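**Student:**
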Amino acid sequence: MAVAVLDRQRYPVASVTLTVSNRAFPGGGTRHRAKDAETPEERAVRIEDVAREWIPEVTRCAREISRRLGTQA
Numbered sequence: 072m073a074v075a076v077l078d079r080q081r082y083p084v085a086s087v088t089l090t091v092s093n094r095a096f097p098g099g100g101t102r103h104r105a106k107d108a109e110t111p112e113e114r115a116v117r118i119e120d121v122a123r124e125w126i127p128e129v130t131r132c133a134r135e136i137s138r139r140l141g142t143q144a
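Taking the working numbering, the leading residue of the sequence shown gets 72, the next gets one more, and so forth.
1) Compare the C-beta of R123 against all C-beta atoms of chain C and say whether one is closer than 8 Å.
2) Measuring straight from C-alpha to C-alpha, what distance separates T110 and E119?
3) Just curious, the alpha helix (DSSP H) that A108 is in, first and last residue?
4) Can you have a look at A133 and say buried or exposed, based on whether 16 or more other CB atoms are within 10 angstroms of its CB?
Here it is in structure tokens:
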């Protein structure tokens with residue numbers, strides 16, 4: 072989920088936050104982990120892979136928002 076803050080009076084530059092949902096990456100807990108479930112390290116790598124894929128798009132959106140607000144990101 073990307074959230075853009077567009078109130079130019081309060082925020083001179085657009086602010087964009089990328090939040091990773093536990094719903095998108097279930098299985099973070101180890102209490103009830105099955106034997107074949109991913110390890111915390113494997114889960115971290117998977118989250119990094121997704122972030123690597125999405126960060127350029129979020130950056131592009133932030134630049135576009137800033138451009139429309141008349142500022143630079």
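All C-beta atoms in this analysis are idealised placements derived from N, C-alpha and C, irrespective of residue type, glycine included.
From a predicted model like this one, the values you see are computed outputs, not experimental measurements.
**Tutor:** A quick look at the data gives this:
1) This model lacks chain C altogether, as it is built from one protein chain only.
2) Here residue 110 refers to the residue found at position 39 of the sequence shown. Here residue 119 refers to the residue found at position 48 of the sequence shown. Distance between the alpha carbons of T110 and E119 is about 14 Å.
3) In the sequence shown, residue 108 corresponds to position 37, counting from 1. Unbroken run through A108: none, as it is neither H nor E.
4) Within the sequence shown, residue 133 is the residue found at index 62, counting from 1. Flag for A133 reads buried.
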